[in-house]
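Right, one structure below, let's go through it.
Numbering (my numbering), first residue to last: 5 to 332.
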């Protein structure tokens, strides 16, 4: 981890308070920890990916993407801020995608959750949390009207720091239990030591295998048989570099699997060149597999110059409404 990332991790440690619940014994106070890491899934075969939205926003690629989003002068962003009470560029810190839903972390002290979800059945839960059952939502509009909808997911808010979206109220309560020390003692699938980069996470071997094309099902099965864990990291400080660390128990089988995957990348690059898919071939030029004992690293790097080239049209074009009437 870089020094700035250690400082970031230390600042996120807060004291998780154990709260008595019906039929649940009060746990001992936990050591200071990051509530978001405490909320992550536990156990083998689970997946979670954390996007450091604040860090990504201030990276070179983040500045390029922001330039695309701000083509309208920030009008849509300002409207969202006024209606929701959330400024994504200032208040949002991290986004987490898991098997069961997603979570947002940040400063939500000004968010209008209660107004938007006023018609949904809700309840206080634990210490500083509120859980909303799947139900209606109401979104006020600038003209004084409202837009109504129906959420199929349950939601939970915790201490104005976390927004949790899950399949059911019980699943949301389970996440809050983890945060407040009433859940499993099993460690989170992402440790604090692994919270480096602008994106990081753990991917189940099953999910990684599903990313392989249909003609590579034999390789996909070998991956499921040999690999135990897959750890992801993305570095966007200059060029964008993605690393997937695949680990297993049998060093020889892991090494052979890495060689096979490297061969698949080489064949895919040649096919892309033959088919005239220059962008794909260029991307695969920067992909490689590096064996390291009982693990191998799948690395993909995208030069910042290539991203600038591809996003130039987005930055320079005007929003559709600004182009109305400009055609002869």
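In this text, a Cβ means the ideal position worked out from N, Cα and C, and glycines have one as well.
Within a 10 Å sphere around the beta-carbon of residue 56 sit 16 or more other beta-carbons, which makes this residue buried.
Comparing C-alpha distances from residue 94 to each of 118, 62 and 137 shows the shortest one belongs to 62. In terms of CA proximity to residue 176, 104 leads the group 104, 226 and 293. DSSP, reduced to helix, strand and coil, places residue 199 outside both helices and strands of the structure shown, so it counts as coil. Scanning the region 78-136 from its first residue to its last, the whole beta strand (DSSP E) runs of 3-plus residues come out as 96-102, 106-110, 126-129 and 133-136. Comparing alpha carbon positions, the residue from 9, 89, 48 and 44 closest to residue 60 is 9.
Residue 179: member of the alpha helix (DSSP H) spanning 173-183, first to last residue.
DSSP places residue 52 within a strand segment (E or B) once states are collapsed to three. Scanning its chain for C-beta atoms nearer than 7 Å, with the 5 sequence neighbours on each side dropped, one finds around residue 146 the residues 83, in chain order.
In this structure residue 92 touches residue 81 by the C-beta definition: roughly 7 Å separates them, less than 8 Å. Looking at the DSSP output, residue 251 shares a beta bridge with 233 and 299. In the DSSP assignment, residue 278 is bridged to no other residue.
Just so you know, the alpha carbons of residue 124 and residue 271 end up roughly 53 Å apart.
Under the three-pair Cβ rule at 8 Å, the region 290-299 does not count as touching the region 40-48. By the Cβ test, the region 161-175 is not in contact with the region 198-212, since fewer than three Cβ pairs between them sit closer than 8 Å.
C-alpha of residue 49 to C-alpha of residue 150: approximately 42 Å in a straight line.
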